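Going down the list, the protein sequences come from chains A and B. Number 123 marks the last residue of the first sequence (the working numbering); no jumps. Number 809 marks the last residue of the second sequence (the working numbering); no jumps. What follows is a short report on a single structure.
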Amino acid sequence: MTAHSETGHSGTQQGATNLMTEIKLGPAANIPAGQGRVYEVEGERIAVFRTRGGDVYAVQAECPHRGGPLADGLLGGTTLICPLHSLKFDIKTGAALFGDCGLKTFPVAVDASGQVVLLR
Amino acid sequence: MEKKKLVVIGNGMAGARTVEEILARGGGAQFDITMFGEEPTGNYNRILLSNVLNGSYKEDEIFLNPLSWYEENNVRLLAGKRASGLLRRAKLVYGEDGIPEHYDKLIIATGSRAFIPQMEGTYMPDGSLKPGVFVFRSLDDCRQIAEWARGKHSAAVIGGGLLGLEAARGLQNFGLDVHVVHIGSHLMPQQLDPGAGDILRKSMESLGIKVHLKKNTTTIIGPENVLGLAFADGGNLECDMVIISAGIRANWEIAAGCGLTVERGIVVDDQMRCADDPDIYAVGECAQHRGHMYGLVAPLWEQAKVLADHITGKNTRAAYHGSKVATKLKVMGVEVASMGIVEPQLPEDEVVQFSEPKRGTYKKLIIRDGRLVGGILLGDISKAAYLIQTFDRNTPLPEERLHLLFDIGDPPKQVTFAEMSTNTQVCNCNGVSKGALIACVNSGKRSAKAVMDATRAGMGCGSCKSMVAEIVEWACGGETEEDPSVHYYVPGVPLTKPELIRAITERELKSVSAVFDYLAGGKEDAASKPGLASLLKTLWKGEYEDEKDARFINERIHANIQKDGTFSVVPQIPGGITSPAQLRRIAFVAEKYHVPLVKLTGGQRIDLLGIRKDDLPKVWHDLDMPSGYAYGKSYRTCKSCVGSDFCRFGLGDSISLALKIEKEFQGFDSPHKMKLATAGCPRNCSEAMVKDLGAVAVEGGQWEIYIGGAAGSSIRKGDVLCKADTHEDVLMYMGRFIQYYRENAKYLERTHGFVERIGIEKIRSIVIEDSEGIAERLDREIAESKAAYKDPWKDAWLPENDNQFASVLPILQ
């Protein structure tokens, strides 16, 4: 499995930066391939997706349009379709593929033990 | 891999467009491209030449591919160099200068030239045209005409076809007296019949152009310069210049010279390859396909796409099947639309006609078997977009012919698009205005699908789609591009539904991921997943390998998502028949889970709204009723009236029929939802006539089966498929239609659209008369689907469903 995040792998190195803390969310296998699940991290709801290719990505849990539950959306590659009104986003970059409001992304990776690790 | 050498002879609209299409398919990485262009410039829009002549466009405004384009795209253009010979054995093309170019693949796009009929005095002794005699095919012709016209008094155009009339219009701007000399008995014989031609002639004459019909020009008079014309009937016409516009002839000489088959043009197959040499293609006006030659751009674009698909290997099965020719144009301010034939050809052809010569309006349609095979609109072409589309797609026409020609008493939607205010809301679901659509077209989106994708217009209930398409077409000035994906079953797999079904069954693909792997180059497309899942379930039934991520959330968790992310739960209540015990259970569940809204549905069921995802399995467990499938693209329910049990008018037992229907088709996946009803008499209290399928009892113990009804975002009374004698026959015919619909409808195509597209006669012949010999198979497929039915709510609370229903996963350190 590979990891993708805005900060790349540097953030996973111990002491690389004092601003980043690692939060283990649980086994990646808890997220079925091609789907997303919601985690609540320090009061913030985050949708974590695992693509069929095995990559993980994390974005805000609610659609900026009308608050649709993004983890219930359809995922193909890194394109996500919101279940309420079919707005599209790229979960890798957070970019809106339609409309002008994108998603907040979070650096996330899978560590050697298969745990999903969120960096904050 | 070393690149192959692709040589293109001809840098006109066909040649350059074909190269563009090849580049768009990644051909730049496969080929080193060299183009021979006789003219010293890049590619320009030949259609606009008359606008250059009349001064409304400047020369540089009509360029489609300026010289810089070739450089940017690594295309080597030999500008101003004519290809003069072709050696197939050595695979060489010779330029006029004798320098050869080697090719691996060759495209001939030499176009056509003006046809010059036999007339005395046309040429000078050295073989050049007499000063004052011109043809009108190129920018250079345009310049020469403009230069000569200065200070002259009169001009004659030989030829009353489209090009001739356009030239005449251009010449008027030089202050000349303009004459059109035409050998036939009416103008524009390719596009118009005598009636329309006569009205056009009057319109032309009122604008000051003199039209001479049935005039066969025998001589161009004048020893050094043009002084006039002499006709076969003995008449004369004085003029200072002559433009010959008497048709075109394909430039096929280079092909004939090396032994390729040439008739009127270079003969090509469905992949645009020459009949005798698989490495040589021909495209555009020089090509002859299935005996037809095309001089309009739309067919040429289609040819270019097929050629590019084939030569790049992008789709080696791409095939050109010929084009249906339709044009919309403005001749001297007179709007004309023409499609197909101009006169009826068979005794049973039906002609619908309207003529109002005084106002210059003429409309004529030729209808065969309920479909449009020809049409002419002159003066008022407001219905042209609809008619051309109907003609092109060969869709059945409504019974009522008057509305084909006129907008009578229709809602204000029918104001022309030009009059429609910019902020008129076109898509009422997503709030997209006419102005937003136009802005999107102006930003470069040239197909209805591209505009819909970008603006989300038409992506709600879908009822405005055709209007969006018409506005896009209008905003593009009629030059829309068709997105090939409109013909695919789903956008992410480039196959039509029959092709896709064949590929899936041949390769035994049983999951959505396998389809992407084998048929889409491994590229997943989110929007295509639910359609593929539905089709695979229909084809493989119990053998289908369900992948939850391919399902829309509703079908993933068997409930309907609401605006706040909660879900609605509708248990099965077939025919609207319930019991006190069931009602008590529903009431118990509603209280236990604090269901905020309990509502009766339109399908005679009970809806529990606002249920949290986490509670769904428990709710189903406590209800202990099967799923009503109120969330799926599937069979929904069959409602019913009281029928013969209590109703004093009841003719048939609609309740027990509804229960049998539900048992037969429950849970069937389908291209879109199917809502059914049965009615015990023609009073139709349960609205069976406007359901996807309905059965209505009639006197005599029979049932009338209706299909393709709708009373949602579209409203349509269903068509009667047949009469059935027993409940069992109703089930059989309904089943056959349902299976035929499941196999042949596009994804998200409701039955009303499907029945209109296929035509009730054809459906009846297949489903009732078994004209294709598939009825037995359809029956068998239905039986297998029925046997594979499983209630999705049963066992949903078992642990193997792990965290599917968890709205938040706990964080486990």
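Backbone N, C-alpha and C fix where the C-beta goes; we use that ideal spot for every residue, glycine too. Every value quoted in this text rests on a predicted model; they were computed, and no experiment measured them.
Cα-Cα separation, residue i to residue j
i	j	result
residue 133(B)	residue 244(B)	9 Å
residue 457(B)	residue 420(B)	18 Å
residue 187(B)	residue 332(B)	9 Å
residue 64(A)	residue 449(B)	24 Å
residue 121(B)	residue 219(B)	11 Å
residue 549(B)	residue 75(A)	6 Å
residue 48(A)	residue 789(B)	28 Å
residue 56(A)	residue 771(B)	43 Å
residue 210(B)	residue 144(B)	28 Å
residue 251(B)	residue 77(B)	17 Å
residue 496(B)	residue 511(B)	9 Å
residue 43(B)	residue 447(B)	26 Å
residue 674(B)	residue 684(B)	5 Å
residue 2(B)	residue 98(B)	9 Å
residue 479(B)	residue 444(B)	8 Å
residue 46(B)	residue 162(B)	6 Å
residue 39(B)	residue 306(B)	23 Å
residue 406(B)	residue 711(B)	Below a pLDDT of 50, predicted positions are generally treated as unreliable, and residue 406(B), at 46, falls in that range; the measurement from the model is reported next regardless. Cα to Cα, the separation comes out at about 15 Å.
residue 644(B)	residue 637(B)	12 Å
residue 15(B)	residue 73(B)	11 Å
residue 90(B)	residue 345(B)	52 Å
residue 33(B)	residue 177(B)	33 Å
Amino acids of chain A, ordered along the chain, whose beta-carbon sits closer than 9 Å to that of residue i
i	result
residue 509(B)	36, 37 and 55
residue 523(B)	77, 79, 82, 84, 89 and 91
residue 561(B)	65, 70, 71, 72, 75, 86 and 87
residue 250(B)	Going along chain A, no residue has its Cβ under 9 Å from residue 250(B), so there is no contact; the nearest lies around 47 Å.
residue 520(B)	37, 54, 55, 56, 78, 79, 80 and 82
Three-way DSSP call (helix, strand, coil) for residue i in this model
i	result
residue 359(B)	strand
residue 39(B)	strand
residue 590(B)	coil
residue 282(B)	helix
residue 13(B)	helix
residue 686(B)	helix
residue 433(B)	helix
residue 844(B)	Nothing can be reported for residue 844(B): it is not among the residues displayed for chain B, which extend from -3 to 809.
residue 42(A)	strand
residue 337(B)	coil
residue 27(A)	strand
residue 388(B)	helix
residue 747(B)	helix
residue 810(B)	Nothing about residue 810(B) can be reported from this structure: the residues present for chain B run from -3 to 809 only.
Listed by chain order, chain B residues near residue i by CB distance under 9 Å
i	result
residue 25(A)	What residue 25(A) touches in chain B: nothing, since even the nearest Cβ is about 11 Å away.
residue 41(A)	802, 803, 804 and 805
Proximity of residue i and residue j at Cβ, strictly below 9 Å
i	j	result
residue 718(B)	residue 700(B)	yes
residue 523(B)	residue 546(B)	no
residue 490(B)	residue 221(B)	no
residue 59(A)	residue 119(A)	yes
residue 358(B)	residue 375(B)	yes
residue 691(B)	residue 730(B)	yes
residue 277(B)	residue 286(B)	no
residue 606(B)	residue 626(B)	no
residue 459(B)	residue 709(B)	yes
residue 157(B)	residue 115(B)	no
residue 402(B)	residue 430(B)	no
Chain B residues whose Cβ lies nearer than 8 Å to that of residue i
i	result
residue 47(A)	Near residue 47(A) there are no residues of chain B at all, since even the closest Cβ is about 12 Å away, more than 8 Å.
residue 101(A)	449, 450 and 452
7 Å Cβ cut-off: residues of chain B touching residue i
i	result
residue 60(A)	Going along chain B, no residue has its Cβ under 7 Å from residue 60(A), so there is no contact; the nearest lies around 14 Å.
residue 113(A)	Here the premise fails: no neighbours, minimum Cβ distance about 14 Å.
residue 123(A)	Correct list: empty, because the minimum Cβ distance to chain B is about 13 Å.
Contact set between residue i and chain A, taken where Cβ atoms lie within less than 8 Å
i	result
residue 548(B)	77 and 86
Neighbour list for residue i in chain A, Cβ cutoff strictly below 7 Å
i	result
residue 506(B)	Residues of chain A passing the Cβ test: none, with the nearest at roughly 16 Å.
Under 9 Å by beta carbon: chain C residues contacting residue i
i	result
residue 557(B)	As a matter of chain content, chain C is missing from the structure shown, whose protein chains are A and B.
**Contact residues within the segment 63 to 87 of chain A, judged by C-beta distance below 8 Å to chain B** = Correct list: 69, 70, 71, 72, 75, 76, 77, 78, 79, 80, 82, 83, 84, 86 and 87.
**OP:** Could you list the residues in the segment 448 to 461 of chain B with a C-beta less than 8 Å from some C-beta on chain A, going in chain order?
**Re:** Per Cβ criterion, the list reads 449, 450, 452 and 455.
Practice problem: Please name the residues in the segment 416 to 446 of chain B whose beta-carbon is closer than 7 Å to at least one beta-carbon of chain A, in chain order. | Solution: Taking 7 Å as the upper bound on Cβ-Cβ separation, chain A lies near no residue of the segment 416 to 446 of chain B.
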